[in-house]
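*Asks:* Chains A and B, in that order, are what the protein sequence lines are. Under my numbering, the first residue of the first sequence carries the number 1, and numbering increases by one thereafter. Under my numbering, the first residue of the second sequence carries the number 1001, and numbering increases by one thereafter. Note that CB positions come from ideal geometry on N, CA and C, so glycine has one too. Source: prediction; values computed, not measured.
There are 2 protein chains.
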Amino acid sequence: MHTDRIRNTSLLDRVKEVSEVLDLFQDGMVIASSGFTKAGDSKVILPALAANNTSRPIKITLITGASLGHETDAKLTEAGVLARRMPFQVDKVLRKAINRGDVLFVDQNLSETSEMLLDHHLPEIDIAIIEAAYITAEGGIVPTTSVGNSPIFANKAKKVIIEINTAVQTNVHGLHDIYLPEAYPNRKAIEIFRPNDRIGSAVINVEPEKIAAIVLSHQQDSPADIAVIDDKTAAIAHHLIDFFTEEVKNGRLSKSLRPLQAGIGKVANAVLTGLAESDFEGLTMFSEVLQDSAFDLIDAGKLTFASAASITVSAACYQRVFDNLEKYKDKVVLRPQSISNAPEVIRRLGIIGINTAIEFDIYGNVNSSHIAGTQMMNGIGGSGDFARNAHISIFVTQAASKENKISHVLPMVTHVDHNEHNVDVVVTDVGYADLRGLAPRERALKIIGNCVHPDYKEELQSYFDRAVAEIGGQTPHLLDEAFLWHKRFRENGSMKAR
Amino acid sequence: MHTDRIRNTSLLDRVKEVSEVLDLFQDGMVIASSGFTKAGDSKVILPALAANNTSRPIKITLITGASLGHETDAKLTEAGVLARRMPFQVDKVLRKAINRGDVLFVDQNLSETSEMLLDHHLPEIDIAIIEAAYITAEGGIVPTTSVGNSPIFANKAKKVIIEINTAVQTNVHGLHDIYLPEAYPNRKAIEIFRPNDRIGSAVINVEPEKIAAIVLSHQQDSPADIAVIDDKTAAIAHHLIDFFTEEVKNGRLSKSLRPLQAGIGKVANAVLTGLAESDFEGLTMFSEVLQDSAFDLIDAGKLTFASAASITVSAACYQRVFDNLEKYKDKVVLRPQSISNAPEVIRRLGIIGINTAIEFDIYGNVNSSHIAGTQMMNGIGGSGDFARNAHISIFVTQAASKENKISHVLPMVTHVDHNEHNVDVVVTDVGYADLRGLAPRERALKIIGNCVHPDYKEELQSYFDRAVAEIGGQTPHLLDEAFLWHKRFRENGSMKAR
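Here it is as C-alpha cells:
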C-alpha cells in the first residue's frame, strides 16, 4: 500500500498515524510547516497539535511560508499552542491574540526567513512538517500547491515529517522549480532572466535519515474567498489600467508591460480581471500567489506565463486547474519564496509590483500592516521585497470606507511599511497619482488632487497648506495634528470634523 | 597641446574655454553632473553657471551622483540656478533653500536614479558634465575619483561636456570598472561574486558626436572633513565590534566578516578604525564611499579589497593614496552607483551594512534624513539600498546629544526611512540591541534596555508600559504622546520633562 505515493520503498516503514507522531513535539520547540497563503499547508498534524493541547499542553514557535488554511492558526491559538509565530498570518483569532500580546508575531519580509535560517540568524528548527503529493523513488519530496519556505525547512530542520496529501494528484510533479541559494560566501547568481526560466529541480531533497515520520491526509486546500469586484475595486482597476495605457503611449512600457506582481486580495484580482478586458497582451507574472484571475488571464490568452510561490484559488478554479493540469503546466511554475521574492530577480526582471495599502499619506508613505498604528492586520508579506526593488512600485487602496467615516489617504500614516522612496504610483477609486521624480511637496499636491475622497479633500489641502506656511521643510507636517484624524475616529467613530 | 589628456586627436578641436560653453545652458534644462560625495565633481562649469547667473539668469534641474564639493551647491543655490535637485546633497545653504521650498529636492535611493534614467522615468538630460582624467585614443572617458552616475549620464544625455582635470594623474586609468545594466527586457546578471570581481570596462563610452565641448580644470576634490574620533564614536565602534565578536563566537560570521558597507561620517570612520585594532582580518568592503579609514585598514593589512563608487578622503590621505596609486590599484575599484548599490549584488555578497541614523524608535524604525519629521538634512543616500537587501543591516547613532537635551532613541520617529523589517541591529554609545527574530514588543525591551541614554530610560520604559497597558497591539503606541519629546524640544529646547 501507499507505493504510488511513497515510491522510495525504504521509506514505507516510516508511515505512522498522526497520533503516533504527536509525542515528537515538545514544549519550547521551533516547528516549521509548509503552507503559503493557505496553499499546501499541514492538514492533519498542526490541527492535531491543537486538539491534543489539553491533554499535554505545549507552546511552540511556528514558522511557515505565509498564512495557513482551514483555521489552523485559529485552532492553534485557541489551544494555546503558539508562543511565537512568523513570518505572516491572516487569521482573525490569531490576530487578536497577537494584538493582546499573547502570541509574539515576528512580521518579516517574505524573502528573508529563508535567508535568516540559512545562516543561523533564527533558532534551529526542531521539526519541519511538509505537505507532499508523493515521494519519488529517489526520495525527493514532490510539493503540492505551494513551495513557500519548504526547501529551507527540509534542509535545516533536525527532523522532517511528511504529510502526503492524497487529495492532490501526483501529476503536480513538474510544476515546481526548487532552488535553494547557497550559504555565504559561495552564493551564485539566480539565473532567472524570464519568468519561465527554470533553475532548480522538481523535488525538495531531504536527507532520508531526517524523515521521522510520514503521515497521510486527504483534504484539499482551504478555498480562496471569492473576491467580488465591486464599483470601488473596478474603479481602482480602471485607473491603474489608465496609468499603464499612458506608460505605453509614452513609450516606457510595451503592450506586454513588465512581469506583474500582484498582492493577494480583491483589488489585485480586479486589476488582473481588468487587464483581461484590455488591449494588453503577452503578459507575464512573477508574483507570490496566483489567484483565480491569473488563470482567467491565461484562459483569455492574455497571460503567457505565471511564476509564484503558491496557487490559492476558489474551489471552482481549483477544480478547473487541477482537472486540466497538463494544459497549465507549461504556463505556470511554483518556486520557493526566497526566489519568488528575490531582490536580484525582482530588479533584473523589472517587475511592476501592485500591492494593497491600508492607508497612505500625502507624501506617499504607505501603511500596509497596522490599524491605527498599533493593531496588526496580516503583516508586511512580500510587499517590502517588491516595493524596494521593483521597476514600478504601485500601491492601491480605497479612498474612503465605512460610509466614508474612514479616509485611507491621510496627513501622516501611523505606521510606515513603505516610505516615499519606494512608492512610485498610488491609486484609489478616485484616481491615480504618478509620483516618480517628484519632490514631497509636489507629491502631496498630486495625491490630494487625484486620490482623496471628496469629503476629505479640503481638510487635507488645508493641513498641507498650513504645514507649509507654519513649519515648512522638505516634508511639511504639523506634528501636533498629524494623527488628528485617527484620534477623531477613536473618539467619535469618524475621521471627519464634526 | 593637451595630447596627453585628449589622446583621441579628432576631439582636440572640441576644447573650449568655460566662458564659451555657458551659452549651451538654457533656462529649464535638465543638467547632469559627475560627482559623488564631493569626489570627481564639476570643478569649473557648475561654479561658472552660478557666477554667470546674474548676467543671464536660468533655472535648471541638477542631477548628480551624490553630493558635490567646493560649496558648488551653495553657489548654485545662492545664484538661484537650482529649480530642482536630485538625488542627494549635503550642503548647508542648499539644505536651507530646500527646507524653505525654494529648491525642490527629489531624495532618491542612490541605486535608482540610473534605473529611472535608463527607462525614461525621469525627464531627458539635456547636458551632462563629466569630470575626466583624460580621454583615451579610442575616445573613452577615464573618470577621476568617482564614477557615480556618470555612465548613465554619458549614455542618455543629448550633449556631453567633459571637464578634464589635470590635477588628477593619468594613472587612475584602470581604477574603474564601468558597467551599465541593459535596458529591459534584456537585463543580464551582474556577475560580481566577490568585491574584487570586475565586469566592465575601464572607461566610460560616449558617442563622440555628443561631445559638445571639452574644458580643462586643475583642482583637487574638496577634502573630506577630518572625522575626529571622540568618546561617543569610540564607544559606538566598541559596541559594534562586540557584536561582531559575538557573531564569530556563535559561528555565524568568520573573522573576515562579510563585505562591509559603511555610510559616510565619523561613526563609520570610527568603526572601521576600531576594526584596524581588532582581531578581524581578511576584511573586504563593498560600499559607496571609501574614506580615510578604508586606506588605513588596507595599510594595516586588515582590508584586502575595497569596492565603492568614490574615494572621498582628507587632503593628507589623498596625497598618500595618489602618490602610491600603483600600490592600491589592485586593492580598490570604483564602480557606478547602480552597481555599488545594486540589490542583486548586495544580497548575493551578503553585505553587512552600517549606516547612520538621526534617530530611531523603540521598535527599531529609523529616521536617517529629517529633523523633527520635516527639515531635510542630507537625504536617504544609499542606506535604503543596503538596509533592505543586506545580510545584516546595522544602524548607529549617539544615544543623546546637545548636553543630552536631545534623545536619539524615541517613542516614535517622526519620519521613517527604514522600518523595523529592515533594521537588524541598532547601536548607540550606550550599547547595542540585536533585534533579529524578535517581535516588536521584544525589540522595545531590548532597545530600552541596551541603547537609551540613562536620562531618558525611565520615561521611555514608562511610555512603552503605558502603551501596552492602554492600547496594546503588535506595536503599542500612544498616538497622542508619540511626538511629545519633539514637541518639548520645539517649545523648551529640551526633550526632557521639566
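#1: So A:Ile63 and A:Met376 are in contact, right, with Cβ under 8 Å, and what is the actual spacing, rounded?
#2: With H, G and I counted as helix, E and B as strand and the rest as coil, what does DSSP make of A:Tyr134?
#3: Is the shortest distance between the beta-carbon of A:Arg100 and the beta-carbons of chain B less than 9 Å?
#4: Among the residues of its own chain, which have a CB less than 7 Å from the CB of B:Arg1368, if the five just before and after it don't count?
#5: What are the boundary residues of the alpha helix (DSSP H) that includes B:Gly1449?
#6: Which residue or residues does DSSP assign as beta-bridge partners of A:Gln375?
#7: On the criterion of 16 or more Cβ atoms from any shown chain inside 10 Å, does A:Ser146 qualify as buried, or is it exposed?
#8: Helix, strand or coil: which one does DSSP assign to B:Ile1199?
#9: Would you identify the three-state DSSP class for B:His1418, choosing helix, strand or coil?
#10: In the DSSP assignment, find the unbroken alpha helix (DSSP H) run with B:Gln1261 in it and report its ends.
#11: Taking any Cβ of chain B, which residues in the region 444-468 of chain A have a Cβ under 7 Å from it, in chain order?
#12: Measure from the alpha carbon of A:Leu438 to the alpha carbon of each residue in B:Ser1055, B:Ala1074 and B:Phe1105, then state which is nearest.
#13: Here's the rule I'm using: 16 or more other beta-carbon atoms within 10 Å means buried, otherwise exposed. How should B:His1176 be labelled?
#14: At 8 Å on the CB atoms, spell out the chain A contacts of B:Val1106, in chain order.
#15: Does chain A have any CB closer than 9 Å to the CB of B:Tyr1318?
#16: How many angstroms separate the CA atom of B:Leu1012 from the CA atom of B:Ile1006?
#17: Counting only Cβ-Cβ distances shorter than 7 Å, please list the residues of the region 1407-1435 of chain B near chain A, keeping chain order.
#18: Since B:Cys1451 and B:Thr1428 are thought to touch, with beta carbons under 8 Å apart, how far apart are those beta carbons, to the nearest angstrom?
#19: A:Thr166 by DSSP, collapsed to three states: which one?
#20: Is there a Cβ of chain A sitting closer than 9 Å to that of B:Met1495, yes or no?
#21: For a cutoff of 9 Å on Cβ pairs, would you count B:Gly1069 as touching chain A?
#22: Return helix, strand or coil for A:Pro336, following the three-state DSSP convention.
#23: Starting from the C-beta of A:Lys156, find all residues in its chain whose C-beta is less than 6 Å away, skip the five residues before and the five after it, and write them out in chain order.
#24: Between which two residues does the beta strand (DSSP E) carrying B:Asp1027 extend?
#25: With DSSP as the reference, label A:Ile328 as helix, strand or coil.
#26: Check this for me: beta carbons of B:Ile1178 and B:Ala1202, under 9 Å apart or not?
#27: In angstroms with no decimal places, state the Cα-to-Cα distance between B:Ala1048 and B:Leu1022.
#28: Suppose the cutoff is 8 Å on Cβ atoms and the five residues either side in sequence are ignored; what does the same chain contact list for B:Thr1170 look like?
#29: Near A:Arg488, which residues of its chain fall below 6 Å by C-beta distance, leaving aside the five closest residues on each side in sequence?
#30: In this structure, what does DSSP give as the bridge partners for A:Asp323?
#31: Evaluate B:Ile1226 with the Cβ neighbour count: other Cβ atoms within 10 Å of its Cβ, from every protein chain shown; 16 or more gives buried, anything less gives exposed.
#32: Go to B:Tyr1463, then tell me how far its alpha helix (DSSP H) extends in each direction, as first and last residue.
#33: Find the residues of chain B that neighbour A:Arg187, judging by a C-beta separation of less than 9 Å, and give them in chain order.
#34: Counting pairs of beta carbons, one from the region 1245-1252 of chain B and one from the region 1399-1413 of chain B, are three or more of them closer than 8 Å?
#35: Enumerated in chain order, which unbroken segments of the beta strand (DSSP E) with a length of 3 residues or greater are wholly contained in the region 25-70 of chain A?
#36: May I ask whether a heavy atom of the ligand NAP can be found less than 8 Å away from the beta carbon of A:Thr233?
*Replies:* Well, looking at it:
#1: Position 63 of the first sequence, counting from 1, holds the residue named residue 63 of chain A. Position 376 of the first sequence, counting from 1, holds the residue named residue 376 of chain A. So it is not a contact: roughly 17 Å between Cβ atoms.
#2: The residue you call residue 134 of chain A lines up with position 134 of the first sequence. A:Tyr134: strand per DSSP, three-state reduction.
#3: Stepping through the first sequence from its first residue, residue 100 of chain A is reached at position 100. Contacts with chain B at 9 Å (Cβ-Cβ) include A:Arg100.
#4: For the purposes of this step, residue 1368 of chain B is identified with residue 368 of the second sequence, where counting begins at 1. First, the residue type needs correcting, since residue 1368 of chain B is Ser and not Arg in the sequence shown. For B:Ser1368, where only same-chain residues beyond five positions count, the Cβ hits under 7 Å are Asn1355, Thr1356, Ala1357, Ile1358, Ile1380, Ser1383, Asp1417 and His1418.
#5: As a first step, residue 1449 of chain B is located in the second sequence; it is residue number 449 there, counting from the start. It spans Pro1440 to Asn1450 - the alpha helix (DSSP H) in which B:Gly1449 sits, taken as one unbroken run.
#6: As a working mapping, residue 375 of chain A is identified with position 375 in the first sequence. Answer by DSSP bridge pairing, in chain order: A:Ile371.
#7: Within the first sequence, numbered from 1, the residue matching residue 146 of chain A stands at position 146. Per the 10 Å Cβ criterion, buried.
#8: For the purposes of this step, residue 1199 of chain B is taken as residue 199 along the second sequence, with counting starting at 1. Coil at B:Ile1199, not helix or strand.
#9: Residue 1418 of chain B sits at position 418 when you count from the first residue of the second sequence. It is a strand residue.
#10: Numbered from 1 along the second sequence, position 261 holds the residue referred to as residue 1261 of chain B. Premise fails: B:Gln1261 lies in the beta strand (DSSP E), Leu1260 to Ala1262, not in any alpha helix (DSSP H).
#11: Val468
#12: Here residue 438 of chain A is taken as the residue at index 438 of the first sequence, counted from 1. Among B:Ser1055, B:Ala1074 and B:Phe1105, the Cα nearest to that of A:Leu438 belongs to B:Phe1105.
#13: Numbered from its first residue, the second sequence carries residue 1176 of chain B at position 176. Answer is buried; the Cβ neighbour count reaches 16.
#14: Residue mapping note: residue 1106 of chain B aligns to position 106 of the second sequence, counting from 1. In chain order: Gly437, Leu438 and Ala439.
#15: On the second sequence, position 318 is the one that residue 1318 of chain B refers to. No, no contact with chain A.
#16: In the second sequence, residue 1012 of chain B corresponds to position 12, counting from 1. In the second sequence, residue 1006 of chain B corresponds to position 6, counting from 1. Approximately 6 Å, taken between the alpha carbons.
#17: Thr1414, His1415, Val1416, Asp1417, Asn1419 and His1421
#18: The count along the second sequence starts at 1 and reaches residue 1451 of chain B at position 451. The count along the second sequence starts at 1 and reaches residue 1428 of chain B at position 428. Contact flag correct, Cβ pair sits at about 5 Å.
#19: As a position in the first sequence, residue 166 of chain A is number 166, starting the count at 1. Looking at A:Thr166 - three-state DSSP - the assignment turns out to be coil, as it is neither helix nor strand.
#20: What you label residue 1495 of chain B is simply residue 495 of the second sequence in a count that begins at 1. Chain A contact via Cβ: absent.
#21: For this step, residue 1069 of chain B is matched to residue 69 along the second sequence. No, because no Cβ of chain A sits closer than 9 Å to the Cβ of B:Gly1069.
#22: As a first step, residue 336 of chain A is located in the first sequence; it is residue number 336 there, counting from the start. Here A:Pro336 sits in strand by DSSP.
#23: In the first sequence, the residue the question calls residue 156 of chain A occupies position 156. So the qualifying residues of the chain are Leu117 and Ile125.
#24: Translated into positions along the second sequence, residue 1027 of chain B becomes position 27. B:Asp1027 -> no beta strand (DSSP E), and no H or E assigned at all.
#25: Taking the first residue of the first sequence as position 1, residue 328 of chain A is located at position 328. In the sequence under discussion, the amino acid at residue 328 of chain A is Tyr, which differs from the Ile named in the question. DSSP places A:Tyr328 in helix when its eight states are reduced to three.
#26: Within the second sequence, numbered from 1, the residue matching residue 1178 of chain B stands at position 178. Within the second sequence, numbered from 1, the residue matching residue 1202 of chain B stands at position 202. Yes, they are a contact pair.
#27: The count along the second sequence starts at 1 and reaches residue 1048 of chain B at position 48. The count along the second sequence starts at 1 and reaches residue 1022 of chain B at position 22. Near 8 Å, if we compare the C-alpha coordinates of B:Leu1022 and B:Ala1048.
#28: As a working note, residue 1170 of chain B is residue 170 in the second sequence. Asp1004, Arg1005, Ala1133, Tyr1134 and Val1142.
#29: Walking along the first sequence from the start, residue 488 of chain A turns up at place 488. Cβ neighbours of A:Arg488 beyond the five flanking positions: Met495.
#30: In the first sequence, residue 323 of chain A corresponds to position 323, counting from 1. Bridge partners of A:Asp323 according to DSSP: none are assigned.
#31: Along the second sequence, read from residue 1 onward, the residue named residue 1226 of chain B stands at position 226. It counts as exposed.
#32: To locate residue 1463 of chain B, count along the second sequence from 1; it is residue 463. Pro1454 to Glu1470 is the span of the alpha helix (DSSP H), which, as asked, contains B:Tyr1463.
#33: Working through the first sequence from its first residue, we reach residue 187 of chain A at position 187. Near A:Arg187 (Cβ distances below 9 Å), the residues of chain B are Phe1193, Arg1347, Arg1348, Leu1349 and Gly1350.
#34: no
#35: 30-33 and 60-63
#36: The ligand NAP is absent from the structure shown, which contains no ligand whatsoever.
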